[in-house]
Amino acid sequence: MIGVFDSGSGGLTVLKEFCATLPEQRFVYYGDHSNAPYGNRDADSIYELTLLSLTRLFDLGCSLVVVACNTAAATGLRRLQQTWLPIHFPDKRVIGVIVPMVEAITGVPWIAERAEGQRSCAPKTVAVFATRYTVDSQIFVEETQRRAPEIQVVQQACPGLVKLIEEAAPLPDLRRAVQRYVALLLRRLDGQHLGAALLGCTHYPLIEDLFIEALPSDVEVFSQPKIAAASLVAYLARHPEFMDERDPGVSFYTSAPSENITKLAKRYFGDEQIRFQTLATNAMDSNRPGSGGEQAALGL
Numbered sequence: 007m008i009g010v011f012d013s014g015s016g017g018l019t020v021l022k023e024f025c026a027t028l029p030e031q032r033f034v035y036y037g038d039h040s041n042a043p044y045g046n047r048d049a050d051s052i053y054e055l056t057l058l059s060l061t062r063l064f065d066l067g068c069s070l071v072v073v074a075c076n077t078a079a080a081t082g083l084r085r086l087q088q089t090w091l092p093i094h095f096p097d098k099r100v101i102g103v104i105v106p107m108v109e110a111i112t113g114v115p116w117i118a119e120r121a122e123g124q125r126s127c128a129p130k131t132v133a134v135f136a137t138r139y140t141v142d143s144q145i146f147v148e149e150t151q152r153r154a155p156e157i158q159v160v161q162q163a164c165p166g167l168v169k170l171i172e173e174a175a176p177l178p179d180l181r182r183a184v185q186r187y188v189a190l191l192l193r194r195l196d197g198q199h200l201g202a203a204l205l206g207c208t209h210y211p212l213i214e215d216l217f218i219e220a221l222p223s224d225v226e227v228f229s230q231p232k233i234a235a236a237s238l239v240a241y242l243a244r245h246p247e248f249m250d251e252r253d254p255g256v257s258f259y260t261s262a263p264s265e266n267i268t269k270l271a272k273r274y275f276g277d278e279q280i281r282f283q284t285l286a287t288n289a290m291d292s293n294r295p296g297s298g299g300e301q302a303a304l305g306l
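Per the numbering used here, the sequence shown starts with residue 7, numbered consecutively.
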C-alpha cells in the first residue's frame, strides 16, 4: 500500500489527484489532526510527530509513504530519509511533495543537483505562496538555488489563509485574502516581471482559481496535486516493487475524533462516501517509532 501523510486535511487534495491518476492502486491516508497545525510547533516536535505518523502508516502495511505536508517535509524529510529510515524501516521509502515542485520550476531532475549541462530553465522570477513556517524554512529558495541559481525565488507568507479555507469562509473573504497577499508580493517586485507562481501549501489548490484571478494573466501557476501525482507515477515506474494493485481503493485514518474530520474532509476530497477512522487520540506520547508500544497503541 501507498501511504499519504499530512498534519491535517490539506493532503487530501494530493490524495484525490493520486487516486484519479492511479485508480488501480491502494492508498492509505493518515491525518494527524489532533496535533495540527504543525506550523505552530518547534522543529523538534514537528520531526517527532512526523516519525510517529510515518510509523503508524508503516504499521498499517504501507511500504511507500508520501509526505503531503510542506511543513513536515521542510522540517526534516532529508534527515529522516538518511538517518531514521535506514535504521528502523530499511525496506520502506518516504518521499515528499516539495521535490516535485522544485523539479517543475527548475526543469532540473532532483539527482542532477548542480551538474553542468543539466539546467533547462531560463532566468526568471518565481513567486512562492505558502504558510509562514514553510516560508521561514527557506526550503523552496535553497533547493531551487541549488539546482538553478539563475531563478530568483520571491516568497510570500499567507498567514490565516489555511484557517479561512478550513472554516469554509465566504468566497469574498477568501478572494480578499488572496488579492492582499498577491498585491504584497507584486509590490515588492516593483514592476519586475513575474514568470511563475508556486502554491506551496496543499490547502491552496482548493482556491487555485482565486490565485489565477489575482495574478497577472501571463503568470504560470504551479499547484502541488497534479505535479506530485506525475512525480509519483514516475517514481513507481522506476520502483515497481512499491506498486500495489491487489485491492484498489483508499482508507482514511486520523489521530482525532473521526466524525468532525469526516465532515471537513468531504470538502477536500469531493466524495460523500469518505469515512475516517481514529487510530489514536494522543500522538505526543512516550512511544517512539519502531517500538512495541507504538504497535500496541494502534491495536496491532
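Think of the CB as a built atom: it goes at the ideal place given N, C-alpha and C, for glycine as much as any other residue.
Output the distance between the C-alpha atoms of residue i and residue j, rounded to the nearest integer angstrom.
i: alanine 202; j: valine 160; result: 10 Å
i: glycine 37; j: serine 143; result: 22 Å
i: glutamate 139; j: glycine 16; result: Correcting the residue identity first, residue 139 is tyrosine in this sequence and not glutamate. About 15 Å.
i: glutamate 214; j: arginine 193; result: 21 Å
i: phenylalanine 95; j: proline 176; result: 44 Å
i: glutamate 300; j: serine 261; result: A caution first: glutamate 300 carries a pLDDT of 34, below 50, which makes its placement in the model too unreliable to give a value.
i: tyrosine 53; j: tryptophan 90; result: 11 Å
i: aspartate 97; j: serine 69; result: 7 Å
i: cysteine 75; j: glutamine 198; result: 31 Å
i: glycine 123; j: glycine 113; result: With a pLDDT of 47 at glycine 123, under the threshold of 50, the modelled position of this residue cannot be trusted, and the question is left open.
i: phenylalanine 228; j: proline 106; result: 11 Å
i: alanine 163; j: threonine 81; result: 17 Å
i: alanine 243; j: aspartate 196; result: 44 Å
i: asparagine 266; j: proline 165; result: 24 Å
i: glutamine 88; j: leucine 60; result: 15 Å
i: glycine 276; j: threonine 284; result: 20 Å
i: arginine 281; j: arginine 273; result: 13 Å
i: threonine 27; j: histidine 39; result: 26 Å
i: glutamate 226; j: tyrosine 241; result: 25 Å
i: isoleucine 111; j: lysine 269; result: 35 Å
i: valine 10; j: isoleucine 218; result: 27 Å
i: glutamine 185; j: alanine 220; result: 6 Å
i: histidine 245; j: isoleucine 101; result: 12 Å
Do residue j and residue i have their beta-carbon atoms positioned less than 8 Å apart in this structure?
i: leucine 83; j: leucine 57; result: no
i: isoleucine 104; j: lysine 130; result: no
i: threonine 150; j: threonine 77; result: no
i: serine 13; j: alanine 42; result: yes
i: leucine 167; j: alanine 183; result: yes
i: isoleucine 145; j: leucine 212; result: no
i: leucine 180; j: leucine 238; result: no
i: glutamate 30; j: glutamate 251; result: yes
At least one CB of chain D closer than 8 Å to the CB of residue i: is that the case?
i: proline 211; result: Included in the structure is just one protein chain, with no chain D present.
For the putative contact between residue i and residue j, defined by C-beta atoms under 8 Å, what is the C-beta separation to the nearest angstrom?
i: isoleucine 8; j: valine 72; result: 7 Å
i: valine 134; j: leucine 204; result: 5 Å
i: arginine 62; j: valine 108; result: Between valine 108 and arginine 62 the Cβ distance is about 27 Å, and since that is not below 8 Å, they are no contact.
i: serine 200; j: proline 222; result: Residue identity differs from the one stated: residue 200 is leucine in this sequence, not serine. Indeed, because the Cβ distance is near 6 Å, the residues count as touching under 8 Å.
i: arginine 99; j: phenylalanine 248; result: 7 Å
Quick check on DSSP: helix, strand or coil for residue i?
i: glutamine 279; result: coil
i: phenylalanine 248; result: helix
i: arginine 47; result: coil
i: valine 108; result: helix
i: threonine 208; result: coil
i: alanine 202; result: strand
i: aspartate 215; result: helix
i: aspartate 142; result: helix
Query raised in the report: How do the segment 14-32 and the segment 228-236 stand: do at least 3 beta-carbon pairs fall below 8 Å, yes or no?
Result: yes
Requested in this report: Would you check if the segment 23-35 and the segment 253-261 touch, i.e. whether three or more CB-CB distances between them fall below 8 Å?
Outcome: yes
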